[in-house]
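From first to last, the protein sequence lines stand for chains A and B. Each residue of the first sequence is one higher than the one before, starting from 0 at the first, in numbering that gives the first Met the number 0. Each residue of the second sequence is one higher than the one before, starting from 0 at the first, in numbering that gives the first Met the number 0. We put the CB at the ideal spot given by N, CA and C, even for glycine.
Number of protein chains: 2
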Amino acid sequence: MKGEAVYKRTYNRLIDYLNELKIGDPLDSENVLKSKLNASRTTIRKVLRDLELKKLISIASTKKILCRRPKAKDSFPRAETLSNAARIEKKFLEWMLRADPKSGDIINELELARQFGVSTSGIREFLNRFSRFKLIERRPNSGWCFQGFTEDFALELFEVRELFEMRSAAAFATLPDDAVAWKELKALEADHKILLRNIKKDFHDFSDIDERFHQLINNASMNRFIVDFYDLISLIFHYHYQWNKVDERKRNRAAILEHLEYIEALFSRDPMRIEFACRKHFISARNTLVSSIKEQLTVS
Amino acid sequence: MKGEAVYKRTYNRLIDYLNELKIGDPLDSENVLKSKLNASRTTIRKVLRDLELKKLISIASTKKILCRRPKAKDSFPRAETLSNAARIEKKFLEWMLRADPKSGDIINELELARQFGVSTSGIREFLNRFSRFKLIERRPNSGWCFQGFTEDFALELFEVRELFEMRSAAAFATLPDDAVAWKELKALEADHKILLRNIKKDFHDFSDIDERFHQLINNASMNRFIVDFYDLISLIFHYHYQWNKVDERKRNRAAILEHLEYIEALFSRDPMRIEFACRKHFISARNTLVSSIKEQLTVS
DNA sequence: ATTTGTATTTTTGCATATAAAAAACAGTTT
DNA sequence: AAACTGTTTTTTATATGCAAAAATACAAAT
Chain A
0 MKGEAVYKRT YNRLIDYLNE LKIGDPLDSE NVLKSKLNAS RTTIRKVLRD
50 LELKKLISIA STKKILCRRP KAKDSFPRAE TLSNAARIEK KFLEWMLRAD
100 PKSGDIINEL ELARQFGVST SGIREFLNRF SRFKLIERRP NSGWCFQGFT
150 EDFALELFEV RELFEMRSAA AFATLPDDAV AWKELKALEA DHKILLRNIK
200 KDFHDFSDID ERFHQLINNA SMNRFIVDFY DLISLIFHYH YQWNKVDERK
250 RNRAAILEHL EYIEALFSRD PMRIEFACRK HFISARNTLV SSIKEQLTVS
Chain B
0 MKGEAVYKRT YNRLIDYLNE LKIGDPLDSE NVLKSKLNAS RTTIRKVLRD
50 LELKKLISIA STKKILCRRP KAKDSFPRAE TLSNAARIEK KFLEWMLRAD
100 PKSGDIINEL ELARQFGVST SGIREFLNRF SRFKLIERRP NSGWCFQGFT
150 EDFALELFEV RELFEMRSAA AFATLPDDAV AWKELKALEA DHKILLRNIK
200 KDFHDFSDID ERFHQLINNA SMNRFIVDFY DLISLIFHYH YQWNKVDERK
250 RNRAAILEHL EYIEALFSRD PMRIEFACRK HFISARNTLV SSIKEQLTVS
């Protein structure tokens, strides 16, 4: 009744591990595997036994050796390695995109459970965790009320985002010269330039690079609350990118240019320049988000 | 299996309602009672039937009338009107104060469930909700790891708190003259002055007035994320006030004076004065918190 | 000292069961 | 027909059950 996601995940990891070996090579001890694969010895042992049954390895009391190269189909499908909780999260986000619930809509645990084919307790636990994003609100003894991704929501989100990132960017500028963050920023700058050259076909890749960039800056704050808040931003952007396709290439190109200016400002370590570039970027990012919300509202 | 907290709470509320009536008066209809007492009609009906059995009221198909005045012992004890979830929260906070878990300590659901005399699912749901405060962290397939109320934690908390409140205070200053917040601020100012006069005996009341004051300011931000963050601040202060008793009167007196200066600055609507007073208050508040954490560390 | 075999105990993750509460439905009465 | 009450259906809050995974223990082997 617990699902076997951990077992399958560990199994796949062990296969990946075997792929690094040559036939005849000995495997690490159970305890070493345990820490390498991040599972309990109990699970490791179960996997090892099953791999022996499949003649992938041979276990002779003291030494385990690889017998044949694993094939692709020796692994479990990735979907089966997801925990129930992860699966529910995925389904819920997909459902949100499809059903596009509006402010005031009520969601009910039983209905979602039926729709997703999982138990109510799973749904309940997920909604409880998800509520930290303030997109849903519990009504005691009744259901959950959808708060809607409204213009107000976006503006409040951006207010905090800007507040946090201005602070983080300032902190970034004071990092010591040998901090790894500078190297990562250099690498990101290069990636931005490459993407800018290939913008015609690769403009979709921006969302990824955008997240990496802002996350890098926010991490410089060394503040768990600021870093944590970026989870919400990521979620919203992931969600929002799904429906705002108009002018995407043009918008992304403009954003890359802003990022490059922002990066240059960071390298200059000049607080005024940083503040200026950061604020400029946020103004256009906010406008993009807000206008796409308004569009969405007129569509539906 | 659901507990009868809602029933008992509604029962008590209905008793309170009856206390407003004279013997022989008719009660409102079920639907009116439903909205007055904030419960479903189902629950209202159950309570009404039970009150009839106890001869407090008489129900004649169409009209319900009060038969005798309710006595104090007709109500249920307040403790029984708490939901299971609320009870667990209370117990957990008490437990935290007593056990004073340190960074790295592991808490386990089963153990807490046994200790609190509730089911593991109740504990699990609570811990899930509580984790938003970042004081505990889930270890998948293992327990929960206590993060500890360390100096770092306090500093990060204060960084965000200051960032938010500076913003809120600035927003407060731009509220229109007729906003209720100004009246509430006036009232709070008076309360501060009264408390200052009676500081010798009433210094304990400061914690309450402190929360009201900062909450009022933060509400002016009109930002759900900023307002929400104050839940964490409240929790931490409630928790922290329990063990830092040294110099409490002196500290509170100083804080009241800072508040009064801060309030005056708000009334002046001068951004510079506000920023100055706000920052000054936070510096001493942070020092108080940090030094009491250090003290706590040396004690244990 | 590190590994493994084996057995046992504990704890987690998830599903299910059930009483309480809410919501929906259907008559009545005014 | 609007407001009220009686009845039935649906949903939530919580406890319980159980398989999977983790943790523990210890002797035997290298």
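Discussion item. Between aspartate 227 of chain B and chain A, is any beta-carbon pair separated by less than 9 Å?
Written reply: Cβ-Cβ to chain A under 9 Å: yes for aspartate 227 of chain B.
Worksheet item: Are leucine 259 of chain B and glutamate 188 of chain B close, meaning C-beta to C-beta below 9 Å?
Response: Result yes, Cβ atoms of leucine 259 of chain B and glutamate 188 of chain B sit closer than 9 Å.
Worksheet entry | Rounded separation between asparagine 18 of chain B and asparagine 83 of chain B - CA only | Approximately 28 Å between the Cα atoms of the pair.
Practice prompt. Report buried or exposed for lysine 185 of chain A, applying the criterion of at least 16 other Cβ atoms within 10 angstroms of its Cβ.
Written response: Counting Cβ neighbours within 10 Å, lysine 185 of chain A comes out exposed, since fewer than 16 surround it.
Item to complete: Return yes when the Cβ of leucine 81 of chain A is within less than 9 Å of the Cβ of lysine 72 of chain A, no when it is not.
Response: Their beta carbons are not under 9 Å apart, which means lysine 72 of chain A does not touch leucine 81 of chain A by this criterion.
Worksheet item: Count the other CB atoms within 10 Å of the CB of proline 139 of chain A; is the residue buried (16 or more) or exposed (fewer)?
Response: With fewer than 16 other Cβ atoms within 10 Å, it is exposed.
Worksheet item: Can you list, in chain order, the residues of its chain whose CB lies under 7 Å from that of histidine 243 of chain A, leaving out five sequence neighbours each side?
Response: Note on identity: in this sequence residue 243 of chain A is asparagine, with histidine being the wrong assignment. Cβ-Cβ distances below 7 Å link asparagine 243 of chain A to Ser291 in the same chain, with the five nearest sequence neighbours on each side left out; the list follows chain order.
Discussion item. Check for me: the beta strand (DSSP E) holding leucine 65 of chain A runs from which residue to which?
Written reply: It spans 62-65 - the beta strand (DSSP E) in which leucine 65 of chain A sits, taken as one unbroken run.
Item to complete: Could you spell out the range, first to last residue, of the beta strand (DSSP E) harbouring glutamate 136 of chain A?
Response: If you look at glutamate 136 of chain A, you'll find it in the beta strand (DSSP E) that goes 135-137.
Discussion item. Is there a Cβ of chain A sitting closer than 9 Å to that of phenylalanine 163 of chain B, yes or no?
Written reply: It does; some Cβ of chain A falls within 9 Å.
Practice prompt. Please say whether tyrosine 240 of chain B and methionine 95 of chain B have beta carbons closer to each other than 9 Å?
Written response: No; because the gap between Cβ atoms is not below 9 Å, this pair is not in contact.
Item to complete: Determine the chain A residues that contact asparagine 224 of chain B at a beta-carbon separation under 9 Å, and present them in chain order.
Response: Note on residue identity: the sequence assigns phenylalanine, not asparagine, to residue 224 of chain B. Contact annotation for phenylalanine 224 of chain B against chain A: Lys133, Glu155, Leu156, Glu158, Val159, Phe228 and Leu231 [CB-CB distance below 9 Å, chain order].
Fill in: Of the residues A:Arg128, A:Ile56, A:Ala276 and A:Val5, the one placed nearest glycine 23 of chain A, counting alpha carbons only
Selected option, being the one with the closest Cα: A:Ile56.
Worksheet item: I think tyrosine 6 of chain B touches valine 46 of chain B, with their Cβ atoms under 8 Å apart; what is that distance to the nearest whole Å?
Response: Rounded, the Cβ-Cβ distance is 7 Å, consistent with contact.
Fill in: Three-state class that DSSP yields for serine 34 of chain A in the structure shown
Helix at serine 34 of chain A.
Worksheet item: Who pairs with proline 25 of chain B in a beta bridge, going by DSSP?
Response: As a beta-bridge residue in DSSP terms, proline 25 of chain B pairs with B:Ile64.
Item to complete: Answer with yes or no whether the minimum CB distance from arginine 44 of chain A to chain B is below 9 Å.
Response: So no, arginine 44 of chain A is outside the interface.
Worksheet item: When DSSP builds the beta bridges, which residues end up paired with tryptophan 143 of chain B?
Response: When DSSP reads this structure, tryptophan 143 of chain B sits in a beta bridge with B:Ile106 and B:Arg137.
Worksheet item: Looking at the C-beta of asparagine 127 of chain B, does it have a partner C-beta in chain A at a distance below 9 Å?
Response: Yes, contact with chain A.
Practice prompt. Express the C-alpha separation of phenylalanine 275 of chain A and isoleucine 193 of chain A in angstroms, rounding to a whole number.
Written response: Taking the CA atoms as reference points, isoleucine 193 of chain A sits about 25 Å from phenylalanine 275 of chain A.
Fill in: Amino acids of chain B, ordered along the chain, whose beta-carbon sits closer than 7 Å to that of valine 117 of chain A
The premise fails here: valine 117 of chain A is roughly 16 Å from chain B at the closest Cβ pair, so nothing lies under 7 Å.
Item to complete: Check the Cβ of glutamate 124 of chain B against every Cβ in chain A and list those closer than 8 Å, keeping chain order.
Response: Those within 8 Å of glutamate 124 of chain B in chain A are Arg123, Glu124 and Asn127.
Worksheet item: Can you tell me where the alpha helix (DSSP H) with alanine 84 of chain A in it begins and where it stops?
Response: Here the alpha helix (DSSP H) through alanine 84 of chain A covers 83-98.
Practice prompt. Measure from the C-beta of phenylalanine 171 of chain B to each C-beta in chain A and report whether the shortest distance is under 9 Å.
Written response: Chain A contact via Cβ: absent.
Practice prompt. Determine, using beta carbons only, whether arginine 86 of chain B comes closer than 9 Å to chain A.
Written response: Under the Cβ distance rule, arginine 86 of chain B does not count among the residues neighbouring chain A, no pair being separated by less than 9 Å.
Practice prompt. Could you tell me the boundaries of the alpha helix (DSSP H) in which alanine 168 of chain A lies?
Written response: Counting along the chain, the alpha helix (DSSP H) containing alanine 168 of chain A begins and ends at 150-172.
Discussion item. Less than 7 Å between C-beta atoms, sequence neighbours within five positions excluded: which residues of the same chain meet that for asparagine 11 of chain A?
Written reply: Ser74, Phe75 and Thr80, listed in sequence order.
Worksheet entry | DSSP three-state assignment for alanine 59 of chain A, whether helix, strand or coil | Correct three-state label for alanine 59 of chain A: strand.
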